[in-house]
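End of the sequence shown = 160 in this note's numbering, gap-free, step of one.
For each residue, glycine too, the CB sits at the ideal point set by N, CA and C.
What you are looking at is a predicted structure, and each value in this text was computed from that prediction instead of being measured.
Notes to accompany the following structure.
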Amino acid sequence: MASLSEIVTYTDRLLRTRDVGDWDNALNGLQIENSGRLTRIGAAVDGSTRVLTGAEKRDVDFLIVHHGLFWPGLQPVRGALRRQLRIAFENDIALYSAHLPLDIQPRVGNNAQLVAALGLKFAKPFLEEKGQPVGLRISASLPRSELVCKLERTLNGPV
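Structure (structure tokens):
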């Protein structure tokens with residue numbers, strides 16, 4: 002598998018993490034570096050203790066998350082953050098965070114993947130945030146109740 006630096010460079014380019022405006026407190030990109038060796042990549046919404054423990058059990062050494070551990074400004078390292086860092090360091094897990102860059106990526110982003118998983122087609126973005134088009138307006142001729150059922154099946158849970 003590629004090295005950490007190669008994967009980070011590729012992901013930064015794909016998601017345009019340096020170009021996409023985001024909330025002032027979002028720190029996009031590599032948040033925790035590991036030894037540089039990668040064998041398994043995982044993805045999750047948050048870099049929570051539960052997620053990092055799951056990554057450890059599954060031998061994931063590069064974790065991409067939507068909500069990372071660090072946001073600009075100093076934070077005390079205690080409680081949950083301390084536990085999360087300990088798990089990452091002891092298990093050589095690198096953590097990469099992508100907030101708005103992952104929302105808006107037109108091929109692999111959250112919105113694009115959900116629309117594709119639902120088998121729907123989207124016309125165009127419907128909202129602008131921080132100078133970037135976000136959200137996708139879909140065209141679907143199905144009752145709301147059917148869309149809800151489709152979402153619940155796709156997401157494996159209640160909507």
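- Residues of the same chain with a CB within less than 7 Å of the CB of Asn29, apart from the 5 flanking positions on each side, are Thr18, Asp23, Ser98, Ala99, His100 and Pro102 in chain order.
- Comparing C-alpha distances from Gly120 to each of His68, Glu147 and Ser6 shows the shortest one belongs to Glu147.
- Measuring C-alpha to C-alpha distances from Leu31 to each of Ile8, Thr40, Val52 and Ser142 identifies Ile8 as the nearest.
- Apart from the 5 residues on each side of it in sequence, His68 sits with its Cβ closer than 6 Å to the Cβ of Asp47 in its chain, given in chain order.
- The continuous stretches of alpha helix (DSSP H) do not include Leu31, which lies in the beta strand (DSSP E) extending over residues Gly30 to Ile33.
- Residue burial annotation: Phe90 is exposed, with fewer than 16 other C-beta atoms found within 10 angstroms of its C-beta.
- With fewer than 16 other Cβ atoms inside 10 Å of its own Cβ, Gln76 counts as exposed.
- Here Thr40 is exposed: its Cβ has fewer than 16 other Cβ atoms, across all protein chains shown, within 10 Å.
- Your pair Gln85 and Leu53 checks out as a contact, with CB atoms roughly 5 Å apart and the cut at 8 Å.
- Note on geometry: alpha-carbon atoms of Ile42 and Arg79 lie some 27 Å from one another.
- In this chain, the alpha helix (DSSP H) harbouring Pro102 covers Leu101 to Ile105.
- DSSP places Ser6 in the uninterrupted alpha helix (DSSP H) bounded by Leu5 to Leu16.
- When Arg138, Ile94, Lys151 and Val61 are compared, the shortest CA-CA separation from Pro107 is found for Arg138.
- Using a 10 angstroms sphere on the CB of Leu143, the tally of other CB atoms stays under 16, which defines it as exposed.
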